[in-house]
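In the working numbering, the protein residues as written are 79 to 413. In this text, a Cβ means the ideal position worked out from N, Cα and C, and glycines have one as well. Since the structure comes first, as structure tokens, the remarks are kept for the end.
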Amino acid sequence: MNYGVWNNKGGVGKSFLSFTLALEHAHRHPEKKILLADMCPQANLSEIVLGGNGKGNANLEARLSKEKRKTIGGYFDERIASPHQVTGNETSYLIAAQEYNEELPDNVFLLCGDPSLELQAQVINQIGSQTLPQAAWKNVHMWLRDLINACARQLGTDGTTVVIDCNPSFSAYTELAIVASDRLILPCSCDGSSARAVHNVENLVYDGTLYYGDKGFSRMCHRFEMALPVIHSVVLNRSTQYNKSASKAFSAMFDEIKRTTTDFHQRSPQCFISGGPLFMDMPDNHSVAIVSSHLGKPLYAITPGRYEVHDVSPQINAEPLDRYKAAIEAMENSL
Numbered sequence: 079m080n081y082g083v084w085n086n087k088g089g090v091g092k093s094f095l096s097f098t099l100a101l102e103h104a105h106r107h108p109e110k111k112i113l114l115a116d117m118c119p120q121a122n123l124s125e126i127v128l129g130g131n132g133k134g135n136a137n138l139e140a141r142l143s144k145e146k147r148k149t150i151g152g153y154f155d156e157r158i159a160s161p162h163q164v165t166g167n168e169t170s171y172l173i174a175a176q177e178y179n180e181e182l183p184d185n186v187f188l189l190c191g192d193p194s195l196e197l198q199a200q201v202i203n204q205i206g207s208q209t210l211p212q213a214a215w216k217n218v219h220m221w222l223r224d225l226i227n228a229c230a231r232q233l234g235t236d237g238t239t240v241v242i243d244c245n246p247s248f249s250a251y252t253e254l255a256i257v258a259s260d261r262l263i264l265p266c267s268c269d270g271s272s273a274r275a276v277h278n279v280e281n282l283v284y285d286g287t288l289y290y291g292d293k294g295f296s297r298m299c300h301r302f303e304m305a306l307p308v309i310h311s312v313v314l315n316r317s318t319q320y321n322k323s324a325s326k327a328f329s330a331m332f333d334e335i336k337r338t339t340t341d342f343h344q345r346s347p348q349c350f351i352s353g354g355p356l357f358m359d360m361p362d363n364h365s366v367a368i369v370s371s372h373l374g375k376p377l378y379a380i381t382p383g384r385y386e387v388h389d390v391s392p393q394i395n396a397e398p399l400d401r402y403k404a405a406i407e408a409m410e411n412s413l
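In structure tokens, the structure reads:
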């Protein structure tokens, strides 16, 4: 199963949620392989997986500096030269995360992010708009799924779970990430723009307005018999808790997000998992995200105490840590 973590809004914690959820799944299911695909040009997820803000950044820069980059962007360079057929060396882009970060288990793998995705977006659009071959749009939009499928076959398709960290913009490479996803997880923050972002997902992915007619994303997918992902869950992220539930101010804003999502579900139930989307309440992670990201350390391995982050020593307290762990465990159970 391929899970895309996306919303048409930045700053909602997609990369950290992708890392934390994937590592929790890997920890609970050591018999499975977990593949993380970083489709964000900032490559924040890759930096965390490769060792954190110091070591991970150095490992990422070393990978990006090579003439033939073993990154998703490097693979797309190959596909720009061969847009309509696989290269045959897809699995050479697969990274065993533990080789770079000993904090991670040996069943976690990475397809590394690359800033060149921004530059490649225009080329992807140009190739996809060509009239010959007739399936040019489909072939280009399958690049990421081709890469993931080949790597999953090597890892063992039946036992591989894929988590794709998507960029908030609905650019060409984000379209490729959505095509490669079977289910979407939509993280939201506590503001009105998150409610609008859910509405944007309806219009951008599922062409809720049908504004662009036959050229809309979902219409093109339908034309080429490419299945769209269904929405798995809406994550109500970073809510301040009071007596184990979101405070009134957060609850009021989250109610608006839920209403927008429920209206969307009533209009288009086929766009959601059976029974409708799951609403996952994710409490404020306080210093946990900073420490986890800086050290490249999975949530399950973090314990209360002080940690060194550059020139400061943030304190991780037991109560908020336990609360956040419980929320991630509940979400992992839904996969």
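- Query: Whole-angstrom Cβ separation of Ser124 and Gly151, contact assumed at under 8 Å?
  - Reply: Between Gly151 and Ser124 the Cβ distance is about 11 Å, and since that is not below 8 Å, they are no contact.
- Own chain, CB closer than 8 Å to Lys375, minus 5 neighbours either side, in chain order: Gly130, Glu181, Val369
- Task: Indicate whether the contact test is met: 3 or more Cβ pairs, each with one atom in the segment 99-111 and one in the segment 230-250, closer than 8 Å.
- Result: yes
- Message: Looking at Val366: is its Cβ nearer than 8 Å to the Cβ of Ile394?
- Response: yes
- Task: Flag this pair as yes or no: are the beta carbons of Ala255 and Gly82 separated by less than 8 Å?
- Result: yes
- Task: Report the three-state DSSP secondary structure of Cys118 (helix, strand or coil).
- Result: coil
- Item | Pairwise C-alpha distance: Pro392 and Gly206 | 48 Å
- Counting pairs of Cβ atoms below 8 Å between the segment 296-305 and the segment 263-270, do you hit three or more? no
- Task: Identify which residue in Thr165, Leu172, Asp155, Val240 has its Cα closest to the Cα of Gln200.
- Result: Asp155
- Message: Suppose the cutoff is 8 Å on Cβ atoms and the five residues either side in sequence are ignored; what does the same chain contact list for Asn85 look like?
- Response: Lys92, Pro246, Leu264, Pro265, Cys266, Ser272, Ala275, Val276, Val279
- Message: To the nearest angstrom, how far is the alpha carbon of Arg147 from that of Asp341?
- Response: 44 Å
- Segments assigned beta strand (DSSP E), at least 3 residues, entirely inside the segment 324-353: none
- Query: Between Leu356 and Ser371, what straight-line distance do the alpha-carbon atoms span, to the nearest angstrom?
  - Reply: 26 Å
- Query: Rounded to whole angstroms, how far is the Cβ of Leu128 from the Cβ of Gly134, which I believe are closer than 8 Å?
  - Reply: 4 Å
- Message: Using only the alpha-carbon positions, how far apart do His162 and Gly191 sit?
- Response: 22 Å
- Task: Indicate the three-state DSSP secondary structure (helix, strand or coil) for Cys229 in the structure shown.
- Result: helix
- Message: Residues in the same chain with beta-carbon distance under 8 Å from Ala405, minus the five sequence neighbours each way, listed in chain order, please.
- Response: Met358, Asp359, Met360, Pro361
- May I ask you to report which of helix, strand or coil DSSP gives Gly191? coil
- Query: For Pro119, is the classification buried or exposed, using 16 other Cβ atoms within 10 angstroms of its Cβ as the cut-off for buried?
  - Reply: buried
- Item | 7 Å CB neighbourhood of Ala250 in its chain, flanking five on each side removed | Ala199, Ile202, Asn203
- Item | Cβ pair Glu410, Glu177 closer than 8 Å | no
- Output the boundary residues of the alpha helix (DSSP H) element that contains Leu399. 396-411
- Go ahead and pull the three-state DSSP assignment for Gln200. helix
- Query: Just curious, the alpha helix (DSSP H) that Val218 is in, first and last residue?
  - Reply: 214-219
- Alpha carbon of Arg384 to alpha carbon of Cys244, nearest angstrom: 32 Å
- Can you tell me whether DSSP reads Met304 as helix, strand or coil? coil
- Task: Quick one: residues in its chain with C-beta nearer than 7 Å to the C-beta of Asn122, no 5 flanking neighbours on either side, listed in chain order?
- Result: Ser93
- Message: Quick check on DSSP: helix, strand or coil for Gln298?
- Response: Inspection of the sequence shows that residue 298 is occupied by Met rather than by Gln. Here Met298 sits in helix by DSSP.
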